[in-house]
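What follows is a single structure, written as structure tokens, with notes after it.
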Amino acid sequence: MLELRLVQGSLLKKVLESIKDLVNDANFDCSATGFSLQAMDSSHVALVSLLLRSEGFEHYRCDKNFSMGMNLGNMSKMLKCAGNDDIITIKGDDGGDTITFMFESPSQDKIADFEMKLMDIDSEHLGIPEAEYHAIVRMPSAEFARICKDLSSIGDTVIISVTKEGVKFSTKGDIGTANIVCRQNTTVDKPEEATIIEMQEPVSLTFALRYMNSFTKASPLSNTVTISLSSELPVVVEYKIAEMGYIRYYLAPKIED
Amino acid sequence: NKHQADLEKFYNSH
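Protein sequence lines, in the order shown, are assigned to chains A and B. So for the first sequence, my numbering puts the first residue at 10; every next one is plus one. So for the second sequence, my numbering puts the first residue at 3; every next one is plus one.
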């Protein structure tokens with residue numbers, strides 16, 4: 010049996026908004042560690058990994074490990090019915106064919122429950138090894154989202170290059186080219202406004218902007234984003250979810266034919 | 003004319 014209660018229900022709404030366009034159906038894995046998900050987009054180019062640790066919930070009970078297959082579009086429809094200030098409780102059973110979402114208003118004067126049908130999803134859990142990255146860039150998530158949005162109006166791909174000068178985002182398209190360089194900047198009023206570049210060696214990789222833009226849907230979950238780059242490895246774009254866990258996106262670089 | 007790797011194959015082979 011799974012029973013979890015999240016006082017900050019808006020967080021779960023934001024999580025769904027950040028994955029539903031990338032993945033249609035996914036298994037949510039329930040364990041004593043937390044509520045997690047690993048899923049690929051249909052073209053197997055991008056992978057999303059979500060962890061919401063049990064300690065982050067006001068109440069968390071999971072008697073045994075099991076998975077619940079959900080259509081994320083349908084789950085998003087249900088969670089959109091929760092108010093931003095609502096407390097969300099999720100209840101499910103191992104082997105059950107439905108999951109229940111309960112929404113409580115902060116003043117407890119409105120309580121709603123929605124039951125959603127589950128689905129059988131055959132998915133393989135991939136082991137993602139810990140890796141050393143050539144460069145790790147931490148920057149404000151809103152800045153990264155702005156860059157991806159701006160560049161996608163000019164080109165389809167972004168070249169992310171990290172050198173000792175900074176991190177450069179470049180694109181080219183029919184109308185011209187664009188280069189945006191962000192330098193390390195730690196002299197800011199708030200730590201979340203800093204751009205921090207840890208570089209072991211220069212790296213330059215090309216990615217589809219369509220996916221990067223999809224990842225930036227997670228920006229409301231975190232003020233900062235961490236981009237880990239290594240040649241020969243998928244990029245990792247990570248948004249930490251305060252005190253609860255993370256959402257990580259892995260994307261294969263574009264390679265020459 | 004560029005290709006992208008299949009992440010499932012990538013992680014299964016690493």
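For each residue, glycine too, the CB sits at the ideal point set by N, CA and C.
Next item on the list: Specify, as a first and last residue, the run of the alpha helix (DSSP H) that Phe153 of chain A falls within.
Entry: Along the first sequence, read from residue 1 onward, the residue named residue 153 of chain A stands at position 144. Per DSSP, Phe153 of chain A belongs to the alpha helix (DSSP H) from 150 to 161.
Item checked: Residues of the region 37 to 53 of chain A with Cβ closer than 7 Å to any Cβ of chain B, in chain order -> Met49, His53
Next item on the list: Using a Cβ-Cβ cut-off of less than 9 Å, list which residues of the region 244 to 266 of chain A approach chain B; keep chain order.
Entry: Tyr259, Leu260, Ala261, Pro262, Lys263, Ile264, Glu265, Asp266
Notebook entry, point to check: Beta-carbon separation of Ile163 of chain A and Ser213 of chain A under 8 Å?
Noted result: As a first step, residue 163 of chain A must be located in the first sequence, where it is residue number 154. As a first step, residue 213 of chain A must be located in the first sequence, where it is residue number 204. In this structure, Ser213 of chain A does not lie closer than 8 Å to Ile163 of chain A by Cβ.
Notebook entry, point to check: Which residues in the same chain as Phe66 of chain A place their Cβ atom closer than 7 Å to its Cβ, once the five residues preceding and following it in sequence are excluded?
Noted result: Counted from its first residue, the first sequence places residue 66 of chain A at position 57. So the list reads Leu13, Arg14, Leu15, once near-sequence residues are dropped.
Next item on the list: Can you say whether Cys157 of chain A is buried or exposed, counting buried as having 16 or more other CB atoms within 10 angstroms of its CB?
Entry: The residue you call residue 157 of chain A lines up with position 148 of the first sequence. It is buried - the Cβ of Cys157 of chain A has at least 16 other Cβ atoms within 10 Å.
Notebook entry, point to check: Among the residues of its own chain, which have a CB less than 6 Å from the CB of Ser19 of chain A, if the five just before and after it don't count?
Noted result: Translated into positions along the first sequence, residue 19 of chain A becomes position 10. Answer for Ser19 of chain A: Asn93, listed in chain order.
Checklist line | beta strand (DSSP E) segment containing Ile28 of chain A, residue limits | finding: Numbered from its first residue, the first sequence carries residue 28 of chain A at position 19. Not the beta strand (DSSP E): Ile28 of chain A falls in the alpha helix (DSSP H), residues 18 to 28.
Next item on the list: Check distances from the C-beta atoms of the region 54 to 70 of chain A to those of chain B and list, in chain order, the residues that come in under 8 Å.
Entry: Val54, Ala55, Leu56
Notebook entry, point to check: Can you list, in chain order, the residues of the region 112 to 135 of chain A whose Cβ is nearer than 9 Å to any Cβ on chain B?
Noted result: Glu133, Leu135
Note to self: Mapping the DSSP letters down to three states, classify Met253 of chain A as helix, strand or coil.
What the structure shows: For the purposes of this step, residue 253 of chain A is identified with residue 244 of the first sequence, where counting begins at 1. The answer is coil: DSSP assigns Met253 of chain A none of H, G, I, E or B.
Margin query: Need the endpoints of the alpha helix (DSSP H) that Lys100 of chain A sits in, please.
Written below: Residue 100 of chain A sits at position 91 when you count from the first residue of the first sequence. It is not in any alpha helix (DSSP H) - Lys100 of chain A instead sits in the beta strand (DSSP E) that spans 96 to 101.
Margin query: Residues in the same chain with beta-carbon distance under 6 Å from Met49 of chain A, minus the five sequence neighbours each way, listed in chain order, please.
Written below: For this step, residue 49 of chain A is matched to residue 40 along the first sequence. Correct list, in chain order: Leu56.
Next item on the list: Kindly indicate if chain B contains any beta-carbon less than 8 Å away from that of Ile28 of chain A.
Entry: The count along the first sequence starts at 1 and reaches residue 28 of chain A at position 19. Ile28 of chain A does not count as touching chain B.
Next item on the list: Taking Asn6 of chain A as part of the alpha helix (DSSP H), name the residues at either end of that continuous run.
Entry: The structure shown does not extend to residue 6 of chain A, since chain A spans only 10 to 266, so no value can be given for it.
Item checked: Beta-carbon neighbours of Pro138 of chain A, restricted to chain B and to distances below 7 Å -> Counting from 1 along the first sequence, the entry for residue 138 of chain A is found at position 129. The contacting residues are His16.
Next item on the list: Could you tell me which residues DSSP pairs with Asp6 of chain A in its beta bridges?
Entry: Outside the displayed range of chain A (10 to 266) lies residue 6 of chain A, so it cannot be described from this structure.
Next item on the list: Identify whether Ser15 of chain B lies in helix, strand or coil by the three-state DSSP scheme.
Entry: Indexing the second sequence from 1 puts residue 15 of chain B at position 13. Ser15 of chain B falls in the coil class under three-state DSSP.
Notebook entry, point to check: Can you find at least 3 beta carbon pairs, one from the region 228 to 248 of chain A and one from the region 35 to 44 of chain A, that sit closer than 8 Å?
Noted result: no
Check: Thinking C-alpha only, which one of A:Met10, A:Ser76, A:Lys22, A:Leu61 is nearest Asn36 of chain A?
Finding: Against the first sequence, residue 36 of chain A aligns to sequence position 27. Of the listed residues, the one whose Cα sits closest to Asn36 of chain A is A:Ser76.
Check: If you drop the 5 nearest sequence neighbours on each side, which residues of the same chain put their C-beta closer than 8 Å to that of Asp122 of chain A?
Finding: Translated into positions along the first sequence, residue 122 of chain A becomes position 113. Taken in chain order, the residues that qualify are Thr109, Phe110, Met111, Phe112.
Check: What does Val244 of chain A pair with, by DSSP beta-bridge criteria?
Finding: Within the first sequence, the letter at position 235 stands for residue 244 of chain A. DSSP lists A:Leu260 as partners of Val244 of chain A.
Check: In terms of residues, what are the limits of the alpha helix (DSSP H) holding Arg219 of chain A?
Finding: What you label residue 219 of chain A is simply residue 210 of the first sequence in a count that begins at 1. Per DSSP, Arg219 of chain A belongs to the alpha helix (DSSP H) from 218 to 224.
Checklist line | When A:Asn83, A:Ser58, A:Ala91, A:Asn188 are compared against Lys249 of chain A, the one with the closest alpha-carbon | finding: In the first sequence, counting from the first residue as 1, residue 249 of chain A sits at position 240. Looking at the Cα atoms, A:Ser58 is the closest of the given residues.
Next item on the list: Work out the CA separation of Lys177 of chain A and Ile9 of chain A for me, nearest whole Å.
Entry: One cannot answer for residue 9 of chain A here, as it falls past the ends of chain A, which runs 10 to 266.
Next item on the list: Spell out the partners DSSP gives Met111 of chain A in its beta bridges.
Entry: Looking up residue 111 of chain A in the first sequence gives position 102. Per DSSP, A:Thr98, A:Asp122.
Check: What is the residue span of the beta strand (DSSP E) that Tyr69 of chain A lies within?
Finding: For this step, residue 69 of chain A is matched to residue 60 along the first sequence. Its beta strand (DSSP E) spans residues 68 to 71.
Margin query: Going by the DSSP bridge assignment, what does Gln6 of chain B pair with across the sheet?
Written below: Walking along the second sequence from the start, residue 6 of chain B turns up at place 4. Beta-bridge pairing links Gln6 of chain B to A:Lys263.
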